[in-house]
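Protein chains in written order, with this note's numbering: chain Y, 6 to 328; chain E, 582 to 830. Quick reminder that beta carbons are idealized off the backbone N, C-alpha and C, glycines included. Since the model is a prediction, treat every value here as computed from it, not as a measurement.
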Amino acid sequence: MGDILVFLQLHEGSLLKASLSAVSAAQELKQRWNCGRLVGLLLGPRSKEAAANAARYGFDELRWCESSELAHYLAAPYASTVSAVLKGGEFDVFVAAATSIGKDLTPRIAALWDAGQASDIIAVNPDGSLKRPMYAGDILADVEITSAKKAVTVRPTAFAPAVEGKSGSVTEAPYTAAAFAAGSFIEYKGSGGDRPELGDAAIVVSGGRALQSAENFEKYIFPLADVLGAAVGASRAAVDSGYAPNDWQVGQTGKVVAPQLYIAAGISGAIQHLAGMKDSKVIVAINKDAEAPIFEIADYGLVADLFEALPKLTAEIKRIKGQ
Amino acid sequence: MKILVPVKRVPDYQVKVKLAADGASIDTSQTKWIVNPFDEIAVEEAIKLKEAGAASEVVVVGIGPEDVATQLRYTMAMGADSAVLVKTSEYVDSSLAAEILAAVFRRGSYGLIIMGKQAIDSDAGQTPQILAALLQLPQACFASKVVIAEGQATVTREVDGGLETLRIPLPGVISTDLRLNTPRYAPLPGIMKAKKKPLEELSIEQLGVKPTARVRIKRMTYPQQRQGGKKVASVEELVTVLQSEAKVL
Ligand SMILES: Cc1cc2nc3c(=O)[nH]c(=O)nc-3n(C[C@H](O)[C@H](O)[C@H](O)COP(=O)(O)OP(=O)(O)OC[C@H]3O[C@@H](n4cnc5c(N)ncnc54)[C@H](O)[C@@H]3O)c2cc1C
């Protein structure tokens, strides 16, 4: 097969760890599908410098485009720029991490490039098919992309980030405008905080409907997260009720996490929630209902009222950490 | 403005799916079908826009066998005005679905497409974006708020790290996220009325679309079940096992 193009996402000029996982997946695909060169593409502000830095992750070539038209992510101009690169080369495969930009962008590129797409893959199988969860992770499907051109999004938690290898050359890619009015970026409001990124964190503390309010998240979940240096997550019920911001939702239709330690407090363990955390190394559940389904998959379950258990747990961890 | 709302039927998420004997599909002999929850949110949003005077008509479109009409009738009971059913028994992947929907869009004069960000069966999340690309329309995916004014949509999107707001000219494609609205239940009189609303049946061939899928499911398996179940008696014991047994503290 031809070359592979990997979309590398930047956040304030630095490469996302999720994109390094996509590079790992691309390296596996390269071997399995017998592809040609591995090429990376970075778009937007500071992408030239970032391309030079990223070249060392085993790429043959890095391309960048700093056009001011790409200052903020917008699907149509990003897709037209990427698909022009794809059409202008020997490419047969496009790979991106399944971040919100990767999910928004990749199908649009696939359509412009006449490619079939496998979303959110978790493995490259020995026979070259791709493994991906369906039905909230109740089923794993091995899929084959039958079209000549192939697009893939990669679940970051399923592939270790790429390590440094040989270095490739760095070249500029042209900006290609969409052929129609694509709209405009108005504003971005981060949910804030300086805790670790939910998708990368080694420890995640999540709260559910049982927390009852945003104030209780602050009072019971945050102190535990902070003593552990953890990210904070939430169930859909907690997000829908306004206890936690939308991008904290863990699950089938939210974020997928796989930390070393996942603590679920006051979360029942619906299949849609499990879909986003069941690959965590160690799962702890705190729930006052001994029959809650979360206990079936938790390594350690504590049947308790979280309003008593969480402050105790926070204090106990502080104590052993000598704080 | 006419709004087109694609609606997919999916197995009820409260029931665990079972694999079929062929090992590459699910057993649908006992399946209870529902409207994909994200599409239900899309239908609700379209009806709300109509109620607010921002839209004149809401048309739902489904793809699949004859009995997909049941889900289309349900959305008409919620308040959609009419339905199109593109009949097929073939496996329809995201790109084929988008090609069919593009052909349906071109037959009417629609000002907006609103649809779910993902179907909870395939969990692929591709069709809205592919459709937007095929029609050369702007997209605003994962919407948690939509405001229509002066031929433009201002859309707040649920993205990594927070919320982003975009403005797109219409026509365009909007995909829905969970926080956009809470869909109404179809009221009883609505269910009666829906039986009389127009439902047009079409074939893929009539739309001039070649039914080729680009992705094939080769095999399906159940994931390995995680073995949990161990209980600890106290917070102190929990901390001890996390430290000495799990070694994660
Ligand atoms: C289309 C769709 C997509 C979805 N996507 C997601 C998703 O991505 N992520 C997600 O999480 N969900 C998702 N859901 C929702 C999911 O089905 C559940 O409704 C949700 O996960 C429940 O959240 P919860 O566990 O916080 O609430 P509940 O199910 O209400 O559970 C609350 C738990 O708290 C316990 N509790 C109550 N008080 C206390 C106390 N004082 N101390 C200790 N424990 C207590 C209760 O025993 C109970 O087990 C989705 C649903 C649909 C239909």
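Residues of chain Y with a Cβ closer than 8 Å to the Cβ of Tyr-594(E) are, in chain order, Ala-141, Ile-276 and Gln-277.
DSSP lists Ala-146(Y) as the beta-bridge partner residues of Arg-137(Y). Note that the C-beta distance between Ser-24(Y) and Ala-102(Y) is below 8 Å. Secondary structure note for Gln-122(Y): its beta strand (DSSP E) is the uninterrupted segment 121-126.
In terms of Cα proximity to Leu-783(E), the closest of Arg-654(E), Cys-722(E), Ala-664(E) and Met-657(E) is Ala-664(E).
Beta-bridge analysis with DSSP links Ser-189(Y) to Arg-748(E). Chain order gives the chain E residues near Glu-192(Y) as Glu-745 and Thr-746, where near means a beta carbon separation below 8 Å. In terms of side-chain proximity, the C-beta atom of Val-255(Y) is found nearer than 7 Å to a non-hydrogen atom of ligand 1. Per the coordinates, the alpha-carbon of Glu-177(Y) lies some 10 Å from the alpha-carbon of Ala-56(Y). The continuous beta strand (DSSP E) containing Tyr-305(Y) extends over residues 305-308. Identification of residues in the stretch 705-726 of chain E having a C-beta nearer than 9 Å to some C-beta of chain Y yields Ala-705, Gly-706, Gln-707, Thr-708, Pro-709, Gln-710, Ile-711, Leu-712, Ala-713, Ala-714, Leu-715, Gln-717, Leu-718, Pro-719, Gln-720, Ala-721, Cys-722, Phe-723 and Ser-725, given in sequence order. Within chain Y, the C-beta atoms nearer than 7 Å to that of Arg-807(E) come from Lys-283 and Ile-302, in chain order. Annotation for Asp-231(Y): the continuous alpha helix (DSSP H) segment containing it runs 227-233.
Of the residues Gly-234(Y), Ala-235(Y) and Gly-212(Y), the one whose Cα lies closest to the Cα of Tyr-225(Y) is Gly-212(Y). Around the CB of Ile-191(Y), fewer than 16 other CB atoms lie within 10 Å, so the residue is classed as exposed. A contact is defined here as three or more CB-CB pairs under 8 Å, and the stretch 180-195 of chain Y fails this definition with respect to the stretch 227-242 of chain Y. Residue state for Met-6(Y) is assigned as coil, using DSSP reduced to three classes. Taken through DSSP and simplified to helix, strand or coil, Tyr-83(Y) comes out as helix. The beta carbons of Thr-181(Y) and Ala-89(Y) sit about 4 Å from each other, so the pair counts as a contact at 8 Å. In the structure shown, the three-state DSSP call for Pro-250(Y) is coil. For Leu-46(Y), the uninterrupted beta strand (DSSP E) run begins and ends at 43-48, by DSSP.
Under the three-state reduction of DSSP, Glu-818(E) is assigned to helix.
DSSP places Met-582(E) outside both helix and strand once states are collapsed to three, so it counts as coil.
Contact annotation: the stretch 596-605 of chain E touches the stretch 794-813 of chain E, with at least three C-beta pairs closer than 8 Å.
When C-alpha distances from Gln-787(E) are compared across Glu-818(E), Lys-589(E), Val-667(E) and Met-659(E), the shortest belongs to Val-667(E). Secondary structure of Val-98(Y) (DSSP, three-state): strand. Contacts between Asp-741(E) and chain Y, judged by CB atoms closer than 7 Å, involve Thr-104, Ser-105 and Asp-252 in chain order. Bridge partners of Leu-600(E) according to DSSP: Ile-607(E). Within chain Y, not a single residue places a beta-carbon under 8 Å from that of Gly-771(E); the smallest gap is close to 25 Å. A distance below 7 Å between beta-carbons, with the five flanking residues on each side excluded, links Ala-650(E) to the following residues of its chain, in chain order: Leu-666 and Leu-780. Gln-824(E) sits away from Ile-291(Y), with the two beta carbons spaced by 8 Å or more. The Cβ of Pro-138(Y) sits closer than 8 Å to at least one Cβ of chain E.
For the stretch 6-34 of chain Y, the beta-carbon criterion of a distance under 7 Å to any beta-carbon of chain E is satisfied by none of its residues.
DSSP places Tyr-655(E) in the helix class (H, G or I) of the three-state scheme. Residues of the same chain with a CB within less than 6 Å of the CB of Gln-277(Y), apart from the 5 flanking positions on each side, are Ala-141, Gly-256 and Gln-257 in chain order.
Membership of Ala-239(Y) in the beta strand (DSSP E) is indicated by the continuous run 236-239.
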